[in-house]
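Q: I'd like to ask some things about the structure below.
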Amino acid sequence: MLPIKIIDLVKTFSLAGDSTPQTVIRGVSLDINAGETIAFMGPSGSGKSTLLNLIAGLEEPTQGKIFFGEKELTSMTLAEKEKTRLNSISYVFQFFHLLPTLTALENCALVAIEQGDRNIKEIVSDAKDMLKLLGLEGAENKRPAQLSGGMQARTALARALLSRPQLILADEPTGNLDSKSGEAVLDLLFQEQKKRKFTLLLVTHDESAARRAERIIRFRDGQLQT
Ligand SMILES: Nc1ncnc2c1ncn2[C@@H]1O[C@H](COP(=O)(O)OP(=O)(O)OP(=O)(O)O)[C@@H](O)[C@H]1O
Ligand SMILES: [Mg+2]
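In structure tokens:
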């Protein structure tokens, strides 16, 4: 596992046709230990998802640097970034982003297969085990539309875990769930984190969810509050 170092990060969006660019991340510096769990909180629009997108390499910073260990994400080529993302980072989105035409099992296995370093039989068998562990036995062959929100969240989590990431970015993974399903997803996420020691960055509006993390960082207007 690698520590992450964020140095003086700035992100400005210039919208087409809009003459005033909007700076949404304003000089964020942060050291994240390998295997640490951090919850990010803050008002809507304060820049939490943007920060996660920058760390995932999905957005380019306007200024500043991000390091994974010795490697600078912000100076990687597109191909290197994609490789890092595929092999080391899993993103669990609020709306789960499952592929609608694939079954739960296929959704789960796809990223691990793309990684290309394990044989497909082994991945499918691991995917089945993972779905079972997350209480989705019997739902393997269902498509996302046939699953409840909680089941979709657990499928997305199974997919994230199956790719054996060093870092999981979870952006309000329970935001669309009732409190019971939300608790169950968080229980699983934090249980697996204890076992596998991946770094976990969780964005949440829920104080009790945030308290599960080792550290809570609050955001306001694109800055970390100290
Ligand atoms: N791709 C983009 N282009 C232009 N502006 C953007 C883009 N992404 C985000 N923004 C703007 O950046 C600001 C921060 O957005 P962000 O999604 O990071 O907030 P957030 O803290 O995740 O909010 P929420 O809690 O509602 O999810 C918002 O004003 C948003 O409109
Ligand atoms: Mg957000």
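Just so we're aligned: the sequence shown equals residues 1071 to 1296 in my numbering. Here a beta-carbon is modelled for each residue, glycine too, at the ideal position from N, C-alpha and C.
Pick out whichever of 1173, 1188, 1256 has its Cα sitting closest to the Cα of residue 1109.
A: 1256
Q: Which value, in whole angstroms, describes the spacing of the CA atoms of residue 1171 and residue 1282?
A: Rounded to whole angstroms, residue 1171 to residue 1282 spans 34 Å at the Cα level.
Q: At a threshold of 7 Å, does residue 1165 count as lining ligand 1 (C-beta to nearest heavy atom)?
A: Incorrect: residue 1165 has no Cβ contact closer than 7 Å to ligand 1.
Q: Considering residue 1156, what are the terminal residues of the alpha helix (DSSP H) in which it resides?
A: 1148 to 1158
Q: My assumption, with CB atoms under 8 Å, is that residue 1091 sits in contact with residue 1084. Please give the rounded CB distance.
A: 4 Å
Q: Tell me whether residue 1089 counts as near ligand 1, meaning its Cβ is closer than 7 Å to at least one heavy atom of that ligand.
A: no
Q: Assuming contact is defined by CB atoms lying nearer than 8 Å, are residue 1080 and residue 1134 in contact in what I supplied?
A: Yes.
Q: To which residues does DSSP link residue 1111 through a beta bridge?
A: 1288
Q: Compare the Cα-Cα distances from residue 1192 to each of 1175, 1166, 1290 and report the closest residue.
A: 1175
Q: Within its chain, find whatever has a CB closer than 7 Å to the CB of residue 1267; leave out the 5 residues flanking it on each side and keep chain order.
A: 1071, 1105
Q: Could you name the residues, in chain order, whose CB is less than 7 Å away from a heavy atom belonging to ligand 2?
A: Result: 1118, 1119, 1241, 1242, 1273.
Q: If you reduce the DSSP assignment to three classes, tell me which class residue 1075 lands in.
A: strand
Q: What residue does the beta strand (DSSP E) around residue 1270 start on, and which one ends it?
A: 1269 to 1273
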